[in-house]
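Colleague: Numbering (numbering that gives the first Met the number 0), first residue to last: 0 to 236. C-beta atoms are modelled at their ideal positions from N, C-alpha and C, and glycine is treated no differently. What follows is a structure written as structure tokens; I'll ask about it next.
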Amino acid sequence: MTKLSVNINKIATLRNARGGNVPNLLKVSRDLESFGAQGITIHPRPDERHIRYQDARDLKNIVKTEFNIEGNPIPKFIDLVLEVKPEQVTLVPDSIEAITSNAGWNTIKYKDFLTDVIKTFKQAGIRTSIFVDPDPKMICGAMAVGTDRIELYTESYATDYELNKEKAIQPFIEAAKSAKELGLGINAGHDLSLDNIQYFAKNIPNLLEVSIGHALISEALYLGLDNVVNMYLHRLK
Numbered sequence: 000m001t002k003l004s005v006n007i008n009k010i011a012t013l014r015n016a017r018g019g020n021v022p023n024l025l026k027v028s029r030d031l032e033s034f035g036a037q038g039i040t041i042h043p044r045p046d047e048r049h050i051r052y053q054d055a056r057d058l059k060n061i062v063k064t065e066f067n068i069e070g071n072p073i074p075k076f077i078d079l080v081l082e083v084k085p086e087q088v089t090l091v092p093d094s095i096e097a098i099t100s101n102a103g104w105n106t107i108k109y110k111d112f113l114t115d116v117i118k119t120f121k122q123a124g125i126r127t128s129i130f131v132d133p134d135p136k137m138i139c140g141a142m143a144v145g146t147d148r149i150e151l152y153t154e155s156y157a158t159d160y161e162l163n164k165e166k167a168i169q170p171f172i173e174a175a176k177s178a179k180e181l182g183l184g185i186n187a188g189h190d191l192s193l194d195n196i197q198y199f200a201k202n203i204p205n206l207l208e209v210s211i212g213h214a215l216i217s218e219a220l221y222l223g224l225d226n227v228v229n230m231y232l233h234r235l236k
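This is the structure we're talking about:
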């Protein structure tokens, strides 16, 4: 069975909007695990606009399933991961000003850099994964840098799913086959949702883990608003 890791960045965004501690990120993480989530993912950025670096330190003592920290391996990020020592680190090549991740690594161009970073994390006993597009060349490059897993960047699949789901998923099927042949574990993430996740999971062989945040939190709002509104109405009677 493919594991579900919930990305809680949006919870941190909501918390930071008011400057207090509501919603409580640590309680949400505990609750998510009690509801069945098999991992917690965070993506701290240098400006700490959602997840703060201290959140990573605090969550280390809270997460009981699998803790995954993803981000661009700048020195500050590397130091944080080595301090916290999550079960997995996922390397993402997003620029500092990026709103969200928007591309996978060029594993050929950045071979030396990625090799050094991955070696550092693996020496600390941390499983490594790198964000890649569904391109066989980039997946071969991922194997060459020594990563344990790849995370398939699934935005194109999600965008094209409604138009032609068979066509949308084909590059990812081929990418997964290439990864298996090379001995790489397969994760996936970005814009996966209740609408498209089942088809993806059924068609991608050896899919170990998906990381889902924005869609899951948005769907939770829609699916939970009816209940909460009526709870308020009941208290106002």
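#1: Spell out the partners DSSP gives K2 in its beta bridges.
#2: I need the straight-line Cα distance from V91 to L183, nearest angstrom please.
#3: Thinking C-beta only, is V144 closer than 9 Å to I129?
#4: Can you give the Cα-Cα distance for L220 and V27, rounded to whole angstroms?
#5: Between T12, D190, G38, D54, which lies nearest to Y243 when the distance is taken from Cα to Cα?
#6: Please check the pair I216 and I10, which I expect to be a contact at CB under 8 Å, by giving their CB distance rounded to whole angstroms.
#7: Quick check on D54: buried or exposed, where buried means 16 or more other Cβ atoms within 10 Å of its Cβ?
#8: Roughly how many angstroms lie between the CA atoms of L81 and K63, to the nearest whole one?
#9: Kindly list the residues whose CB is nearer than 7 Å to the CB of N23, restricted to its own chain and excluding five residues on each side of it in sequence; keep chain order.
#10: Could you give the C-beta distance for P133 and L151, rounded to a whole number, given that I count them as a contact under 8 Å?
#11: Between I185 and A200, is the Cβ-Cβ spacing less than 9 Å?
#12: Have a look at A167 and L193 and give me their C-alpha separation to the nearest angstrom.
#13: If you run the structure through DSSP and keep just helix, strand and coil, what is F34?
#14: Under a three-way DSSP split, which group does R148 fall into?
#15: Give me the Cα-Cα distance between L181 and N205, rounded to the nearest whole angstrom.
Modeller: Taking the coordinates as given:
#1: Looking up residue 2 in the sequence shown gives position 3. Answer is E208.
#2: On the sequence shown, residue 91 is found 92 positions in, with the first residue counted as 1. On the sequence shown, residue 183 is found 184 positions in, with the first residue counted as 1. Just so you know, the alpha carbons of V91 and L183 end up roughly 17 Å apart.
#3: Stepping through the sequence shown from its first residue, residue 129 is reached at position 130. Stepping through the sequence shown from its first residue, residue 144 is reached at position 145. Contact flag set, yes.
#4: Position 221 of the sequence shown holds residue 220. Position 28 of the sequence shown holds residue 27. Approximately 14 Å between the Cα atoms of the pair.
#5: With the chain covering only 0 through 236, there is no way to say anything about residue 243.
#6: Along the sequence shown, read from residue 1 onward, the residue named residue 216 stands at position 217. Along the sequence shown, read from residue 1 onward, the residue named residue 10 stands at position 11. The C-beta separation of I216 from I10 comes to about 7 Å, placing the pair in contact by the 8 Å criterion.
#7: Start at 1 with the first residue of the sequence shown, and residue 54 comes out as number 55. Under the 10 Å beta carbon count, D54 is surrounded by 16 or more other beta carbons and is classified as buried.
#8: As a first step, residue 81 is located in the sequence shown; it is residue number 82 there, counting from the start. As a first step, residue 63 is located in the sequence shown; it is residue number 64 there, counting from the start. Going from the Cα of L81 to the Cα of K63 covers about 19 Å.
#9: Your numbering for residue 23 matches position 24 in the sequence shown. Nothing meets the Cβ criterion.
#10: Here residue 133 refers to the residue found at position 134 when the sequence shown is read from its first residue. Here residue 151 refers to the residue found at position 152 when the sequence shown is read from its first residue. Between L151 and P133 the Cβ distance is about 6 Å, and since that is below 8 Å, they are a contact.
#11: Counting from 1 along the sequence shown, the entry for residue 185 is found at position 186. Counting from 1 along the sequence shown, the entry for residue 200 is found at position 201. When the beta-carbon positions are compared, I185 and A200 stay at least 9 Å from each other.
#12: Locating residue 167 in the sequence shown gives position 168, where the first residue counts as 1. Locating residue 193 in the sequence shown gives position 194, where the first residue counts as 1. Straight-line measurement puts the Cα of L193 at about 16 Å from the Cα of A167.
#13: If you number the sequence shown from 1, residue 34 lands on position 35. Taken through DSSP and simplified to helix, strand or coil, F34 comes out as coil.
#14: Taking the sequence shown and counting its residues from 1, the one referred to as residue 148 is at position 149. Of the three classes helix, strand and coil, the one that applies to R148 here is strand, per DSSP.
#15: Counting from 1 along the sequence shown, the entry for residue 181 is found at position 182. Counting from 1 along the sequence shown, the entry for residue 205 is found at position 206. Whole-angstrom Cα-Cα distance: 13 Å.
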